[in-house]
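Be aware that the sequence shown starts at 1, since it is given in the UniProt record's numbering, and climbs by one per residue.
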Amino acid sequence: MDWKLLFTTFATIFVAELGDKTQLACVLTAADSRRPWIVFAGSSLALVATSFLGVIFAEFICNFVSPEIIKKVAAVAFVVMGALIYFDKL
Numbered sequence: 001m002d003w004k005l006l007f008t009t010f011a012t013i014f015v016a017e018l019g020d021k022t023q024l025a026c027v028l029t030a031a032d033s034r035r036p037w038i039v040f041a042g043s044s045l046a047l048v049a050t051s052f053l054g055v056i057f058a059e060f061i062c063n064f065v066s067p068e069i070i071k072k073v074a075a076v077a078f079v080v081m082g083a084l085i086y087f088d089k090l
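Next comes the structure, spelled out in structure tokens:
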């Protein structure tokens, strides 16, 4: 088991998810339904499913594209999204 990779992945995703729209949706859904454990179970399953899809997609795409190119494309995409948000176009 690569504990360093496990911890790094956990920490990165944990920090990235704090205070985002997904967490706000969970707060609102739990408050509205007053069934926090069911909301927790549903949101946990959703995060596991999306993480699974991301890892499977990465495994597939890395057979054709180098990780360095993927990093650069992702960086450009985040800058473009940030600019669109900044200029109120998104």
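Cβ atoms here follow ideal geometry from the backbone N, Cα and C, with glycine treated the same way. All values derive from a computational prediction rather than experimental measurement.
Check: For Thr-12, which residues in the same chain have their Cβ closer than 6 Å to its Cβ, ignoring the five residues on either side in sequence?; Outcome: none
Check: If we ignore side chains and look at the alpha-carbon of each, how far apart do Ile-70 and Phe-7 end up?; Outcome: 22 Å
Check: Are three or more beta carbon pairs between the stretch 39 to 57 and the stretch 22 to 29 nearer than 8 Å?; Outcome: yes
Check: Could you pull out every unbroken alpha helix (DSSP H) segment of at least 4 residues lying fully inside the stretch 26 to 85, listed in chain order?; Outcome: 36 to 61
Check: Counting C-beta neighbours from all protein chains within 10 Å, is the total for Val-39 16 or more, i.e. buried, or is it exposed?; Outcome: buried
Check: Using DSSP with H/G/I as helix, E/B as strand and the rest coil, what is Phe-14?; Outcome: helix
Check: If you reduce the DSSP assignment to three classes, tell me which class Lys-89 lands in.; Outcome: coil
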